[in-house]
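Below is one structure; the comments refer to it alone.
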Amino acid sequence: MAIEQVNVPDIGGSEGAEVIELLVAVGDTVAQEQGLIVLESDKASMEIPSSVAGTVVEILVAEGDQLVEGAGVVRVEVAGESGDDAPAADGAAEAQPEPAPEPEPAPKSEPAPKPEPAPKPEPAPEPAAAAPKGPAPIAAADTAPATSGVYAGPAVRKLAREFGIPLAEVRGSGPNDRILKQDLHQFVQRSFEGGGAAAGAGIPAVPEVDFAEFGAMEVTSRSKLDKLTATNMHRSWLNVPHVTQMDDADITDLEQFRRDLKGEAERRGVKLSPLPFVIKACAVALRDNPQLNSSLSGGGEELVYKKYFHIGMAVDTPAGLVVPVIRDVDKKTIWELAAEVMALAAKARERKLTPAEMRGGCFTVSSLGNIGGTGFTPIVNTPEVGILGVSKAAVQPVWDGAVFAPRTLLPLALSYDHRVVNGGDGGRFLTQVVALLGDIRQLLM
Ligand code: CAO
8 MAIEQVNVPD
18 IGGSEGAEVI
28 ELLVAVGDTV
38 AQEQGLIVLE
48 SDKASMEIPS
58 SVAGTVVEIL
68 VAEGDQLVEG
78 AGVVRVEVAG
88 ESGDDAPAAD
98 GAAEAQPEPA
108 PEPEPAPKSE
118 PAPKPEPAPK
128 PEPAPEPAAA
138 APKGPAPIAA
148 ADTAPATSGV
158 YAGPAVRKLA
168 REFGIPLAEV
178 RGSGPNDRIL
188 KQDLHQFVQR
198 SFEGGGAAAG
208 AGIPAVPEVD
218 FAEFGAMEVT
228 SRSKLDKLTA
238 TNMHRSWLNV
248 PHVTQMDDAD
258 ITDLEQFRRD
268 LKGEAERRGV
278 KLSPLPFVIK
288 ACAVALRDNP
298 QLNSSLSGGG
308 EELVYKKYFH
318 IGMAVDTPAG
328 LVVPVIRDVD
338 KKTIWELAAE
348 VMALAAKARE
358 RKLTPAEMRG
368 GCFTVSSLGN
378 IGGTGFTPIV
388 NTPEVGILGV
398 SKAAVQPVWD
408 GAVFAPRTLL
418 PLALSYDHRV
428 VNGGDGGRFL
438 TQVVALLGDI
448 RQLLM
């Protein structure tokens with residue numbers, strides 16, 4: 008028997024995540040890959056799986072703790088393994104001839120230290136390089152630019168989130184232009200004086216209503232993910248001058264092609280919905296309309312044109328809305344995209360997405376095609392500048408010059424940030440997407 012400690016793996020990003028749920032208790036038997044706790048960061052909630060099978064002998068965290076990569080989660084008595092064999096078991100450490108060297112204290116500007124894989128010289132309660140139990144030190148995040156070009160510590164980011172302050176618009180007065188709390192205070196003050204543009208400033212609050220006055224009701228608290236989505240939507244709504252353009256793509260031929268591939272899709276174990284084609288068409292149109300693949304930077308003084316084509320897809324889950332990102336869409340086949348749509352949607356619904364899988368998007372596709380509706384106006388997922396809303400395809404009569412012919416039309420709505428994308432850019436982009444979906448042979452070009 009050996010005791011092994013399970014630590015937080017790479018959760019993508021050094022800002023830490025909050026323990027929102029304990030899934031096991033002391034005495035529980037756990038299988039390898041079984042979820043131990045649920046962490047919730049700014050971007051996602053995710054289960055942390057056990058790297059070993061055995062019996063939980065100690066829980067090292069509590070709900071509300073902030074954890075970073077390497078922090079101890081639980082200690083597990085591993086069945087059927089000798090202490091000598093267990094590489095990370097604390098109890099095995101004494102069998103090691105050489106103690107592992109203590110890691111150098113990380114310089115303040117380095118990212119969060121990774122856990123030392125070598126065995127420890129003593130059965131210390133925590134690995135030296137891992138974050139200790141309880142609220143984890145996330146000081147390293149102080150200098151990590153989670154948003155391109157923005158340096159701010161977790162406390163400042165939290166405060167900014169709470170007040171809906173766009174950090175990209177705040178001038179930092181700390182070293183390396185790091186944003187300090189006082190910078191947020193000044194930003195808000197300036198906005199009240201009319202010198203800034205703090206989101207929410209000057210907007211009359213909606214009065215609270217006692218709904219019980221009018222009938223039976225139930226109050227539930229919102230999940231962190233729900234509240235974060237609300238903040239992100241509000242921020243985008245207030246900061247981004249939105250324009251939405253609509254068009255219908257004639258996907259009659261695409262639908263025939265999809266039907267022809269049904270057998271092949273089953274053989275490959277892939278579900279081929281219209282979505283992978285839409286995502287692929289967006290990547291081609293982003294390549295040809297770089298304005299849609301850009302982001303504002305430097306407080307609006309600069310535009311960053313991205314040379315990669317990572318596309319986020321909105322996924323509706325019981326825990327809330329999440330947007331995993333498919334990377335390098337331009338380099339992937341429709342089959343690869345279909346498999347990735349399925350895999351990411353499944354991971355999203357099982358709360359297994361990591362923050363890394365939700366970062367770096369250039370553009371978002373939000374498909375409500377399986378739900379219904381003839382159109383909607385999606386909200387731009389800042390700092391991206393464009394989002395495509397996809398509604399439910401339907402057979403419609405289309406005049407072909409001689410008669411009304413039945414055609415399958417897919418309603419599309421492109422919302423964009425009018426500070427960056429003008430009507431011409433948006434119109435060309437959407438027209439190209441429509442043309443590509445109308446004749447998918449063009450996707451090969
Ligand atoms: N028109 C008609 N039918 C469509 C369609 C469309 N635009 N899009 C999908 N369908 C069909 C699919 O073909 C499939 O039917 P079959 O099983 O007969 O082939 C069915 O609807 C279900 O599709 P799906 O939802 O499983 O797959 P998808 O690839 O279309 O979408 C995903 C995957 C993850 C994007 C989707 O499930 C989802 O979560 N959508 C919600 C996104 C959302 O919440 N957006 C709002 C964000 S802003 O609040």
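Under our numbering, think of the first position of the sequence shown as 8, with each following residue one higher. For each residue, glycine too, the CB sits at the ideal point set by N, CA and C.
Check: Roughly how many angstroms lie between the CA atoms of V45 and A69, to the nearest whole one?
Finding: 11 Å
Next item on the list: Whole angstroms is fine: what's the gap from T62's alpha carbon to R164's?
Entry: 38 Å
Check: the ligand CAO heavy atoms versus the CB of L282: any closer than 7 Å?
Finding: yes
Notebook entry, point to check: How would you write the range of the alpha helix (DSSP H) that L235 sits in, first residue to last?
Noted result: K231 to N246
Next item on the list: Note down the Cα distance separating S230 from E25, rounded to an integer number of angstroms.
Entry: 12 Å
Next item on the list: With DSSP collapsed to three states, give me the class of N14.
Entry: strand
Margin query: Measuring only the C-alpha atoms, how far is W342 from A223?
Written below: 50 Å
Next item on the list: Express the C-alpha separation of D233 and D72 in angstroms, rounding to a whole number.
Entry: 20 Å
Next item on the list: Using three-state DSSP, classify A251 as helix, strand or coil.
Entry: Inspection of the sequence shows that residue 251 is occupied by Thr rather than by Ala. In this structure, T251 counts as strand in the three-state DSSP scheme.
Notebook entry, point to check: Among S57, I55 and I258, which one has its Cα closest to the Cα of V402?
Noted result: I258
Notebook entry, point to check: If you compare alpha carbons, which of L451, M53, L328 and P413 is closest to T238?
Noted result: L328
Notebook entry, point to check: Would H192 be called buried (16 or more neighbouring beta carbons within 10 Å of its own) or exposed?
Noted result: exposed
Note to self: By DSSP's criteria, M53 is part of a beta bridge. Which residues make up the other side?
What the structure shows: L46
Margin query: Quick check on DSSP: helix, strand or coil for R334?
Written below: coil
Check: Buried or exposed: K354, going by 16 or more other Cβ atoms within 10 Å of its Cβ?
Finding: buried
Note to self: So, does the region 236 to 256 touch the region 405 to 417, judging by three or more C-beta pairs under 8 Å?
What the structure shows: yes
Checklist line | Classification of D217 by the beta-carbon crowding that lies within 10 angstroms, buried from 16 upward | finding: exposed
Note to self: So, with DSSP's three-state summary, where would you put A352?
What the structure shows: helix
Item checked: Span of the beta strand (DSSP E) around Q263 -> No beta strand (DSSP E) holds Q263; the alpha helix (DSSP H) holding it covers T259 to D267.
Item checked: Nearest to E357 (by Cα), restricted to the options E76, V322, G19 and E309 -> V322
Next item on the list: Taking only runs that begin and end inside the region 268 to 350, name each unbroken alpha helix (DSSP H) of 4 or more residues, in chain order.
Entry: 269 to 275 and 282 to 295
Notebook entry, point to check: Looking at V285 and V397, is the spacing between their C-beta atoms short of 8 Å?
Noted result: yes
Notebook entry, point to check: Could you give the residue range of the beta strand (DSSP E) that holds T415?
Noted result: F411 to D424
Notebook entry, point to check: Looking at C-alpha atoms only, which residue of N377, A400 and D337 is the closest neighbour of C369?
Noted result: D337
Check: Between the region 432 to 451 and the region 278 to 293, are three or more C-beta pairs nearer than 8 Å?
Finding: yes
Notebook entry, point to check: In this structure, does DSSP put S180 in helix, strand or coil?
Noted result: coil
Check: Mind checking E347: buried by the 16 CB within 10 Å criterion, or exposed?
Finding: buried
Margin query: Would A290 and L279 qualify as a contact pair, given that the criterion is a beta-carbon distance under 8 Å?
Written below: no
Margin query: Within 10 Å of its beta-carbon, does E364 have 16 or more other beta-carbons around it, so buried, or fewer, so exposed?
Written below: buried
Next item on the list: Return the first residue and the last residue of the beta strand (DSSP E) that V26 is part of.
Entry: A24 to L29
Note to self: Short of 8 Å in beta carbon distance, which residues of its chain neighbour W244, apart from the five on each side in sequence? Order them along the chain.
What the structure shows: I386
Checklist line | CB of A38 within 8 Å of CB of A60, strictly | finding: yes
Margin query: Given a cut-off of 8 Å on the beta-carbon distance, is the pair V64 and V80 in contact?
Written below: no
Margin query: For a test of your reading of the model: does the CB of D323 fall under 7 Å from any non-hydrogen atom of the ligand CAO? Yes or no.
Written below: yes
Check: What first and last residue would you give for the alpha helix (DSSP H) that runs through G445?
Finding: G430 to G445
Note to self: Could you check if M8 belongs to the surroundings of the ligand CAO, using beta carbon to heavy atom distance under 7 Å?
What the structure shows: no
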